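Residue numbers (our numbering), protein chains in the order written: chain A, 1 to 243; chain B, 244 to 486. Below: the structure, in structure tokens.
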DNA sequence: CCCTTTATAGTCACAATGACTATAAACACG
DNA sequence: CGTGTTTATAGTCATTGTGACTATAAAGGG
């Protein structure tokens with residue numbers, strides 16, 4: 001950045017964004033993919049994304065592409081918590097030309113198939129279980145894998161899990177998010193004790209509100225609290241590490 | 244990334260890297276800065292960095308620029324632990340043209356002034372206390388601030404603190420790193436108990452080796468252990484959060 | 001009307017932590 | 001050549017957090 005300004009001093013690169021948008025659905029972590037229409041990788045699944053326009057920041061471009069390529073509602077896309085994952089810049093990651101891509105991660109509550117809402121290229125967008133996503137275009141398998149492990153860590157020390165839930169949720173639903181992303185079973189009483197003991201993580205919906213989808217005792221409803229980080233963190237069960 | 248290949252479909256951007264390289268020196272966190280030689284911001288301090296070349300990845304470019312612009316030894320630059328911080332892409336962040344910059348963070352042990360080693364533009368490089376760094380070029384103040392807080396968090400849940408230390412170090416030196424970066428005092432016995440109880444964080448140098456710079460009882464020497472993450476984390480004293 | 005299912009309350013032993021006290025081994029300096 | 005300062009290291013102790021469980025409550029399904 002301190003090289004003299006000389007048009008020949010730098011190579012013009014294409015700069016794109018890619019998005020790994022996750023949701024928890026039917027007990028499995030899903031990611032939003034689109035089926036590519038043209039070469040290269042025509043017919044293959046890929047992460048949504050596209051070129052950054054001249055007057056856009058990467059984050060603005062990410063929201064625009066997400067709205068254009070998927071059926072997610074504009075209100076949701078505008079309110080979405082987007083987080084930069086990392087930038088992928090290996091030469092050769094796109095066979096056509098030199099492309100540097102800024103990858104983002106987002107979490108959304110479960111919702112209908114994007115195709116149902118129509119519009120744009122939404123008919124080519126699908127929620128796909130992350131474990132079943134194979135043969136992705138470009139280096140998107142690597143991006144997806146990086147995004148997945150980042151989400152797992154984020155659940156430990158941030159309040160991000162509530163982003164997977166609807167505006168009001170039960171502690172059982174919140175626990176299911178953790179169990180799905182971490183792929184472990186958690187003790188229910190201990191989980192609730194930990195969550196309720198963390199100031200600002202969730203707050204009870206006052207109107208003694210309760211609601212249930214099916215069997216069992218109705219659960220109290222909670223909504224996201226003001227906190228953004230978890231103090232202390234909610235560590236996932238020791239993966240081989242003696243605790 | 245799934246737009247048809249059409250040269251007019253994307254804007255060519257310049258892509259650069261910027262580096263926030265930290266060290267702990269004389270009880271203060273320092274960052275490596277270079278003084279700019281030409282406009283814009285001629286004479287101002289800036290983070291080292293520069294354009295990515297056609298066949299380079301961002302990380303390769305970061306190492307090359309670091310070696311070219313500073314007096315850090317090639318061996319050190321090659322072995323350095325570089326970590327992507329985030330990518331800065333706001334339009335207008337460079338007055339000359341559209342520049343997207345991939346920022347990296349690195350930590351090095353204390354060492355002589357880069358100028359002493361000569362070569363390249365090293366005479367314009369300096370270690371500057373981060374709290375005294377003002378008037379940085381471009382948006383480098385923002386990058387530096389982001390990097391600083393990232394380093395603070397990283398110390399909590401990774402073994403990165405040892406990267407600030409020489410190959411063999413005392414627990415007192417390691418504690419000084421934490422105290423400097425977090426700007427807090429830590430209880431010495433509790434710190435050593437925690438560090439030694441974390442498997443793989445540090446390992447004692449076997450030869451009953453000890454060494455001291457000045458007064459006091461000589462301290463045992465340790466080197467970095469095989470672990471890369473801290474289980475459980477070494478949380479910084481509650482900043483207003485009730486623990 | 002029981003039985004299954006889910007939510008929630010509570011218990012208990014143990015591990016981790018924060019705040020201290022105590023001892024050891026060096027050097028400085030009078 | 002002690003004495004005191006400085007840094008390292010070994011403990012203690014009360015409190016808190018955690019994992020593993022047990023118990024009770026409130027629904028719906030046969």
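Even glycine gets a Cβ: it sits at the ideal position worked out from N, Cα and C. Quick caveat: nothing in here was measured; it's all calculated off a predicted structure.
Looking at B:332, B:329, B:305, the one whose alpha-carbon comes closest to that of residue 320 of chain B is B:305. For residue 175 of chain A, not one C-beta of chain B is nearer than 7 Å to its own C-beta. Residue 197 of chain A places its beta carbon 7 Å or farther from that of residue 210 of chain A. In the three-state reduction of the DSSP assignment, residue 52 of chain A falls in the coil class, being assigned neither a helical nor a strand state. Listed along chain B is no residue with a C-beta nearer than 7 Å to that of residue 161 of chain A; the closest approach is about 18 Å. Contact between the stretch 398 to 407 of chain B and the stretch 472 to 480 of chain B is present, with at least three C-beta pairs closer than 8 Å. Among the CB atoms of chain B, none fall inside 7 Å of the CB of residue 21 of chain A. Within the stretch 383 to 449 of chain B, the complete alpha helix (DSSP H) segments of 4 residues or longer fall at 383 to 400, 414 to 425, 431 to 440, listed in chain order. With respect to the 7 Å criterion, residue 262 of chain B and residue 290 of chain B are classified as neighbours on the basis of their beta carbons. When secondary structure is reduced to three states using DSSP, residue 336 of chain B falls in the coil class, being assigned neither helix nor strand. In this structure, the beta-carbon distance from residue 386 of chain B to residue 346 of chain B falls below 7 Å. Legend: CB atoms of the stretch 463 to 478 of chain B lying less than 7 Å from CB atoms of chain A belong to residues 474, 475, 476, 478. Residue contact with chain B for residue 142 of chain A: absent (no Cβ-Cβ distance below 7 Å to any residue of chain B).
When CB distances to chain A are screened at a threshold of 8 Å, the residues of the stretch 303 to 333 of chain B falling below it are 312, 327, 329, 330, 332, 333, in chain order. About 18 Å separates the beta carbons of residue 17 of chain A and residue 71 of chain A, which is beyond the 8 Å limit, so they are not a contact pair.
A straight-line Cα-Cα distance of about 39 Å links residue 312 of chain B and residue 449 of chain B. Under the DSSP assignment, residue 351 of chain B falls outside any beta strand (DSSP E); it carries neither an H nor an E label. Judged by DSSP secondary structure, residue 74 of chain A falls within the alpha helix (DSSP H) whose first and last residues are 74 to 79. Straight-line measurement puts the Cα of residue 412 of chain B at about 20 Å from the Cα of residue 427 of chain B. When the five nearest sequence neighbours on each side are left out, the beta carbons in the same chain lying within less than 7 Å of the beta carbon of residue 480 of chain B are those of 427, in order along the chain.
Residue burial annotation: residue 332 of chain B is buried, with at least 16 other C-beta atoms found within 10 angstroms of its C-beta.
Excluding five sequence positions before and after residue 96 of chain A, the CB atoms of its chain that fall closer than 8 Å to its own CB belong to 40, given in chain order.
Close CB contacts of residue 376 of chain B within its chain, under the 8 Å cut and outside five residues either way in sequence, are with 274, 276, 288, 384, 387 (chain order). Shown here for residue 200 of chain A: same chain residues with a beta carbon closer than 7 Å to its own, the five before and five after excluded, namely 225, 226, 227 in chain order.
In the three-state reduction of the DSSP assignment, residue 290 of chain B falls in the coil class. Beyond the five residues adjoining it in sequence on each side, residue 344 of chain B comes within less than 6 Å, by CB distance, of 259, 261, 331 in the same chain, given in chain order. Counting other Cβ atoms within 10 Å of its Cβ, residue 327 of chain B reaches 16 or more and is therefore classed as buried.
At least 7 Å separates the CB of residue 438 of chain B from every CB of chain A.
Looking from the CA of residue 324 of chain B, the closest CA among B:429, B:406, B:466, B:437 belongs to B:406.
For residue 35 of chain A, no alpha helix (DSSP H) segment is defined; the enclosing uninterrupted segment is the beta strand (DSSP E) at 28 to 35.
Within the DSSP secondary-structure output, residue 262 of chain B pairs in a beta bridge with B:347.
Taking 8 Å as the upper bound for CB-CB distance, residue 373 of chain B and residue 391 of chain B are in contact here, some 6 Å apart.
With fewer than 16 other CB atoms across the displayed protein chains lying within 10 angstroms of its CB, residue 42 of chain A is exposed. Shown here for residue 422 of chain B: same chain residues with a beta carbon closer than 8 Å to its own, the five before and five after excluded, namely 428, 429 in chain order.
Within the stretch 283 to 301 of chain B, contact with chain A at the beta-carbon level (separation under 9 Å) is assigned to 283, 284, 289, 290, 291, 292, 293, 294, 295, 296, 297, 298, 299, 300, 301. In the structure shown, residue 228 of chain A adopts coil according to DSSP, grouped into three states.
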